[in-house]
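**Q**
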Amino acid sequence: MKRLLAMFLLALTAAPAFAAPDTLTILCYHEARDDVRDYPDPYAVDSEALVRQFAWLRANGYTPVKLDEVIAARQGGKPLPPKAVLLTFDDSYLSFHTRVYPLLRAFNFPAVLGVVGKWIGNPPSSAGPFGEKSTVPEASFTTWNQLREMTASGLVEIASHSYDLHRGVPGNPQGNLQPAATSRIRDAATGGYESDAVWRARIREDLARNSQLIESETGRRPRVVVWPYGSYNEELVRIAGELGMPVALTLNSGFNTPEVPLNALRRVLIEHNPSLGDFALAVRGPVHPEPLRLIRVSLDRVYSADAAQQELNLSRLLDRIKLLNPSHVVLQATADLDGDGVADATYFPTQHLPLRADLLNRVAWQLATRSGVVVFAALQVTATRLTENQIADTYEDLARHSSVAGLLFSHGSSEFTQRAAERARRWRAPLKVVREHADESQAAADHAADYVVLPGAPRDAAPSTNGRFIYLLPAGEGRQMAREMRALQLRGALNFGYGGDDYSSDLPPLRQIAPALSLRTHPN
């Protein structure tokens, strides 16, 4: 049930290089097992390794704190100690009681445990949340008696991990199962999606049910929500707050400075059973920013009126992206039917333009889960007859109906970008903002964007080493593109890519550009 959790982690913010003195580091664990090496699980940690990690935290001056201390510090009370750490464990596996809880008592470390109400005392369904066969038996989870025991100790605080949102629901016409908390359920019979009102009612009922269940079983109502798969939006945050959960744990990576709100706390995911050295690196944070490699693709090249051909087109695109191995893909989500550069239709349901095909969500989901990239979306709406408010509506509709991690804006003022992004984040968070600029001086002055895209490589000056800048080359002759990419890298550019990829014609030629573009150490 954790197989596709990694998809959501791709889109999250990289941590800064080392935490400042006034920050909180939150560690996210799942299961502790004795047989991780024999039965690998990306989100399980070896029991002995967990002992070493706890010992390392203590030996290196880290102080695990309770949530009460975090809230008090945010409200102007006693400051957190240096190197404050909050330990969190998701899903309430039985191993938390049998392996983790004894360690917490031995070290006198507090922790927060996220509980999925439906999983306690009820056998999980025969199918996993995204359609894979479930291998997790009922006995793998804690019991209410065990939860009451641990809560009474004062070391463990129970958080809501939803009642039944830790699963997938049909999110598009092609049948992809996607996170229940943020996806609009599609009705196969009618072809329609949940309305805002129906979605809100479903979410509110689920979160309220879990809070009532936890309170009735433990005597304490949860004040923390842990979003399943780390998938959330601002409407979810608002509903949780109204239900008495002002604190939310995400899977946004990084440290929590005082500016990070309590309802969007970041966590460091402990995955792949790390060595002690890798664990230390994860806790301390990366020393250098991660490079970004981006490819821009038009959905016009994937679309076909023939459904079978369209799936074949998508399969070929997925294979190509996997071989090129960029970190990010931008999907052009509007259709230009007459080649005049103006959007005539969209690839997602929206209120102001015709729907050519409900395709964006399918392609974005498959790229993220099968090719392992972060997916952004762009709209070709600069020259349309839509008003600014209608364009903002369209961005909001895109976020409502697609699993993208960011939006690329090529038009409008920074004020409009902020307004449109704010509306989109109601339904999709965290959502990166990317803006296109003609030159570096404009880009440097743009503080509304997480990234800025610049056309081509600078001819007369060294490229900026600013980690926000992305140099985007036009698709062209493969060898020349590869030379320009290598030159950018040698001259200090951290982020670059190209636009106009045509997988159907192998343009630019994959074998010529992959070595210069790929983030693999030894690309094929």
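In my numbering, the protein residues as written are 842 to 1365. Ideal Cβ positions, reconstructed from N, Cα and C, are used throughout, including at glycine.
Within a Cβ cutoff of 7 Å, which residues of the same chain sit near A1174, ignoring the five residues on either side of it in sequence?
**A** L1140, T1187, Y1188, F1189, L1201, A1218, A1219, L1220, L1239.
**Q** Taking 7 Å as the cut-off, decide whether the C-beta atoms of P1063 and S1072 are in contact.
**A** Cβ atoms of P1063 and S1072: not closer than 7 Å.
**Q** Taking 7 Å as the cut-off, decide whether the C-beta atoms of R899 and L1117 are in contact.
**A** Going by C-beta atoms, R899 is not nearer than 7 Å to L1117.
**Q** Can you grab the Cα-Cα spacing for the pair L1196 / L954, in whole Å?
**A** Computed Cα separation, rounded: 44 Å.
**Q** Tell me which residues share the same chain as H1193 and place their Cβ nearer than 7 Å to its Cβ, disregarding the 5 neighbours each side in the sequence.
**A** Here the set comprises L1227, Q1231, D1234, T1235.
**Q** Return no unless some Cβ of chain C is closer than 7 Å to the Cβ of L1178.
**A** In the structure shown, chain C cannot be found, because there is only a single protein chain.
**Q** According to the Cβ coordinates, are A1089 and N1104 closer than 7 Å?
**A** Contact flag set, yes.
**Q** For E1237, which of helix, strand or coil comes out of DSSP?
**A** Note: E1237 maps to helix in three-state DSSP.
**Q** Given that a residue counts as buried once 16 or more other Cβ atoms are within 10 Å of its Cβ, and exposed if not, what is T1098?
**A** By the neighbour-count rule (16 or more Cβ atoms within 10 Å), T1098 is not buried but exposed.
**Q** How about D1047 and D1005: do their beta carbons lie closer than 7 Å?
**A** Cβ atoms of D1047 and D1005: closer than 7 Å.
**Q** How big is the Cα-Cα spacing for L1329 and L988?
**A** So the alpha carbons of these two residues sit roughly 55 Å apart.
**Q** Return helix, strand or coil for R1203, following the three-state DSSP convention.
**A** In the structure shown, R1203 sits in a helix (DSSP, three-state: H, G or I).
**Q** Could you give the first and the last residue of the continuous beta strand (DSSP E) run that contains T866?
**A** Where T866 is concerned, the enclosing beta strand (DSSP E) stretches over 865-870.
**Q** What are the complete alpha helix (DSSP H) segments, minimum 4 residues, inside the stretch 1260-1345?
**A** Listed in chain order, they are 1281-1285, 1319-1331.
**Q** Measure from the alpha carbon of L1248 to the alpha carbon of each residue in D1291, T984, P1350, A925, then state which is nearest.
**A** The shortest Cα separation from L1248 among D1291, T984, P1350, A925 belongs to D1291.
**Q** Verify whether the separation of the beta carbon atoms of V1010 and S1024 is less than 7 Å.
**A** Yes, the pair counts as a contact, with Cβ atoms nearer than the cut-off.
**Q** Just list the residues that DSSP pairs P1011 with in beta bridges.
**A** DSSP lists L1018 as partners of P1011.
**Q** In chain order, which continuous runs of the beta strand (DSSP E) of length 3 or greater are located wholly inside the stretch 1000-1088?
**A** As far as the stretch 1000-1088 is concerned, its whole beta strand (DSSP E) runs of at least 3 residues are 1009-1011, 1018-1020, 1065-1067.
**Q** Assuming A1184 contacts V1222 under a Cβ cut-off of 8 Å, what Cβ separation, rounded to an integer in Å, is found between them?
**A** Yes, A1184 and V1222 are in contact; Cβ-Cβ is about 5 Å, under 8 Å.
**Q** Looking at the unbroken beta strand (DSSP E) that takes in L1249, where does it start and where does it end?
**A** It spans 1247-1250 - the beta strand (DSSP E) in which L1249 sits, taken as one unbroken run.
**Q** Let me confirm a value: N1017 is counted as buried when at least 16 other C-beta atoms fall within 10 Å, else exposed. Which label applies?
**A** Under this definition N1017 is a buried residue.
**Q** Let me check understanding here. Comparing Cα to Cα, which of P1299, F1337, E1263, L1331 lies closest to R1309?
**A** Closest by alpha carbon: F1337.
**Q** The beta strand (DSSP E) with G955 in it runs from where to where?
**A** Segment 952-956, the beta strand (DSSP E) holding G955.
**Q** Counting pairs of Cβ atoms below 8 Å between the stretch 1122-1138 and the stretch 940-954, do you hit three or more?
**A** Output reads no: the stretch 940-954 does not touch the stretch 1122-1138.
**Q** Which two residues bound the contiguous alpha helix (DSSP H) that contains D909?
**A** D909 -> alpha helix (DSSP H) spans 908-915.
**Q** Can you tell me whether S1282 is buried or exposed? The criterion is at least 16 other CB atoms within 10 Å of its CB, across all chains shown.
**A** The residue is exposed, with fewer than 16 neighbouring Cβ atoms inside 10 Å.
**Q** Please list, in chain order, all residues of the same chain as V906 whose beta carbon is under 8 Å from its beta carbon, the five residues on each side excluded.
**A** Cβ neighbours of V906 beyond the five flanking positions: L865, L921, P922, A925, V926, L927, P951.
**Q** Count the other CB atoms within 10 Å of the CB of P1271; is the residue buried (16 or more) or exposed (fewer)?
**A** Its Cβ being crowded by 16 or more others within 10 Å, P1271 is buried.
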